[in-house]
Every structure is written in structure tokens, then in C-alpha cells.
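Asker: Take a look at this one; I'll ask things after.
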Amino acid sequence: MTALVIAEHDHATVKPATLNTVTAALACGGDVHVLVAGANAAEASKAAAQIAGVAKVIVADGPSLAENLAENVAAQVLAIAANYSHILFPSTANGKNVAPRVAAKLDVAQISDITKVESPDTFERPIYAGNAIATVQSSDATKVITVRTTGFDAAAATGGSASVETAEGVADSGKSSFVGREVTKSDRPELTAAKIIVSGGRALGSAEKFTEVMTPLADKLNAGLGASRAAVDAGYAPNDWQVGQTGKIVAPQLYIACGISGAIQHLAGMKDSKVIVAINKDEEAPIFSVADYGLVADLFTAVPELTQALSNHS
Ligand SMILES: Cc1cc2nc3c(=O)[nH]c(=O)nc-3n(C[C@H](O)[C@H](O)[C@H](O)COP(=O)(O)OP(=O)(O)OC[C@H]3O[C@@H](n4cnc5c(N)ncnc54)[C@H](O)[C@@H]3O)c2cc1C
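Residues in the sequence shown are numbered consecutively from -2, following my numbering.
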């Protein structure tokens, strides 16, 4: 029984989501191999070989894999799929783009967004925005799985010494082609990797106020910036800051929710955070039911005060 983890990488480094997925793969009970499908991805494969618990890294290197096109990556996975009992993807935009194609071609049911491995064929996954946990048993020969990364600790990025094997890169499928990429450049930590997240809601009232009030606090804490869907829909914050059921699932060490009511769809994205702080002027706001520390206050006073207090201590 061997599990294959599909690495999330940028050809030079391995993204943290891969580490959580390795932990899930190890819990399946057998050896764990990692596929690095990329172009000039020697550095990423070296990094993958260092991950504790990984027995083998397979590097598929070729121009068809340069831009992470889902059709080509899926074909690459399928080229070696017969060797594996489990194929695990991080539940990221990339992973969710490729996994269903692999499952469909193997004619198996995808097991989505697992948060626990009970046994090699039985997994837990949240449903109804995390309000219920389903235990799913699969009788398929190959388990194609996406892993909710907040459900598993990260494997150690160093300490391993996996062998590295080369596989031939697949030919381009010709079904899609890379046109361009617009990447937001930010010095802030990426939301799903941030240790601290400062998040704002509808109460901010405008994009200008969001920036004026929330950014200094995030700067002070070197935190990622998040937002509720209401704030995103109103144009106060960009789409990729949205935390929740239809946004990003995060579990930082510290999550500070400012002017966010705590709708279940928002809680679904952040309630596994280690410490939750809520600032809301309504003491009945549901966010207080998950908060470790709650402050009933006007955020336009409390957040600048908090920022100032942090400045005084630094
Ligand atoms: C299918 C579906 C998917 C969804 N997915 C998501 C998702 O991924 N993420 C998400 O966030 N939502 C999601 N939603 C929306 C969700 O239901 C809520 O509408 C949304 O989270 C509310 O955002 P909010 O808390 O910013 O706004 P509100 O619910 O309007 O809350 C604003 C809060 O700010 C407080 N407040 C007001 N003024 C101040 C002040 N001056 N100081 C302090 N506090 C103040 C209020 O007391 C209130 O609690 C989804 C909904 C649906 C139906």
C-alpha cells in the first residue's frame, strides 16, 4: 500500500499545503511518495525529498508542466496512478482543479476535503459548512482524496532523505493553453500560511476605512489580511481575502475578527484557529460564541487603540 501526494509548488519551493497533505498520506498507513510535476523543478524536488516521512520523490519535468495546466498535471498523475492505493491532493485551488479529473479517469469517487484518516478506507470530512462531520468509507481500488490542510499538522519540512526518481513528462494535452497570469504582489503572508490573520467585516463601511483601520494593525503584527464575504461583496476588500465556506479555510495561531458577526459560513473558514479574538459592538454577535477573547466595543476606537498599544510595546 503506497500513497502518492501531489506536491503544490512553484518549481523552486514546495508550498506548505504539501506538508499537511503528507501527514494525511502517512496516516493512510503505507509508504508515501511525492509527485513534483513541473518544469525545471529540481529545487522543488530537492525540497520535497527533505520532507520527513517521504520515501520517494518522483520528478516529472517538462514544458507541458510549466504552467500547472490541470489537464496536463492530471495526465501526469494518471501515468503513474496504477502504482498507488491512495492519491492525495491538498484541497487548494490547484488540487481541486486536478483531483476530479484523475478520479473521473480512474472511474472512482473522489473523497473530498478530508480532516481525518480513520483507517486506509475510512475518512472524516465536514459537511453543512462544518456543522456535521461525515464518516466516509470507500470501496474503490484507488482512493482519490483532497485534504483539508487545516485538519492535519504539517509534516516537518526537513529531516527526510527520500530517493528522487525521474519520470518522463507527459505530452501537452492540447486542450488548454496558458495565456497569462496576474499575480497580486504583497509583502504580507499568504492567508492560508499566515500565523496571524486580522480580518474585517461589513462594519468597516468602505474600502478606504478598511485600509485605514485594518492595515496598520496587520502591519504591526506582520499578519495576513482577511475579510468576510459581506466586506468582499461590498468592495471593501479583494476577493482573495475572503475567509469562509466559499473563501479560504484558515487556522492561524491568532485570528482577530473585527466587525464580523460570525455567520456560520464565516465560522466554517476560521473556527479551527488556535486563538480567536473578536471585536464587535453587539454583545449578542455569534462570533463571541467561538471567540477565546471578546471585546464589546466600537472597532473604530478599539482597533486603533490596539495598534497604538502594540506600537508602545515594540
Ligand atoms: C452559500 C453562502 C456562502 C457564504 N460564504 C461565506 C464565506 O465564505 N465567508 C463569509 O464571511 N460569509 C459567507 N457568506 C455570508 C454570510 O452568511 C454572512 O452574510 C457574512 O459572513 C456577513 O459578513 P459580516 O459579518 O461582515 O457582516 P454582518 O453580518 O452584517 O455583521 C457585521 C457585524 O459588525 C458589527 N458592527 C457594526 N458596526 C460596528 C462597529 N462600529 N464596531 C464593531 N462592530 C460593529 C455588527 O454588530 C455585526 O455583528 C455566505 C453565505 C451563503 C448563503
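Glycine included, each C-beta is placed from N, C-alpha and C at the ideal position.
1) Collect the residues with a C-beta less than 5 Å away from any heavy atom of ligand 1 and give them in sequence order along the chain.
2) Tell me R122's beta-bridge partners as DSSP assigns them.
3) Straight-line CA distance for E179 to H8?
4) Going by DSSP, what residue range makes up the beta strand (DSSP E) through E165?
5) So, under 8 Å CB-CB, L201 and V210 are touching, yes? Tell me the CB distance rounded to an integer number of Å.
6) Hey, is the stretch 180 to 192 in contact with the stretch 49 to 60, meaning 3+ C-beta pairs nearer than 8 Å?
7) Measuring only the C-alpha atoms, how far is K217 from P301?
8) Is V247 helix, strand or coil when you go by DSSP?
9) Buried or exposed: G232, going by 16 or more other Cβ atoms within 10 Å of its Cβ?
10) Rounded to whole angstroms, how far is the Cβ of G127 from the Cβ of K278, which I believe are closer than 8 Å?
11) Pairing CB atoms from the stretch 68 to 88 with CB atoms from the stretch 164 to 178, are three or more of them under 8 Å?
12) State the beta-bridge partners of S116 as determined by DSSP.
13) Could you give the residue range of the beta strand (DSSP E) that holds D58?
14) Measuring only the C-alpha atoms, how far is A282 from I257?
15) Find the nearest neighbour of V105 within the set V114, T89 and A78, judged by alpha-carbon distance.
16) Which runs of the alpha helix (DSSP H) at least 4 residues long sit entirely within the stretch 78 to 118? Give them in chain order.
17) Could you tell me the alpha carbon to alpha carbon distance between F149 and T112, rounded to whole angstroms?
18) For L16 and G198, what's the separation of their Cα atoms in angstroms?
19) Which same chain residues end up closer than 8 Å to R98 when comparing Cβ atoms and leaving out the 5 residues on each side of it in sequence?
20) G27: which of D295, M(-2), H6 and A46 sits nearest, CA to CA?
21) Expressed to the nearest angstrom, what Euclidean distance is found between the alpha-carbon atoms of F86 and L303?
22) Rounded to a whole number of angstroms, what is the C-alpha to C-alpha distance between F297 and V144?
Answerer: If we stick to the structure as given:
1) G198, R199, A200, S225, R226, A227, G241, Q242, T243, G244, G256, I257, S258, A260, Q262, H263, N277, K278, D279, A282, D295 and L296
2) A131
3) Spanning the two alpha carbons is a distance of roughly 18 Å.
4) That run of the beta strand (DSSP E) goes S160 to E165.
5) 6 Å
6) no
7) 11 Å
8) coil
9) Result: exposed.
10) At roughly 26 Å, the Cβ-Cβ gap does not stay under 8 Å, so G127 and K278 are not in contact.
11) yes
12) T119
13) Judged by DSSP secondary structure, D58 falls within the beta strand (DSSP E) whose first and last residues are K53 to D58.
14) For A282 and I257, the gap between their C-alpha atoms comes out near 8 Å.
15) A78
16) DSSP runs (the alpha helix (DSSP H)) wholly in the stretch 78 to 118: 90 to 103.
17) 7 Å
18) In a straight line, the C-alpha of L16 is about 31 Å away from that of G198.
19) A67, E68 and A71
20) M(-2)
21) 39 Å
22) 38 Å
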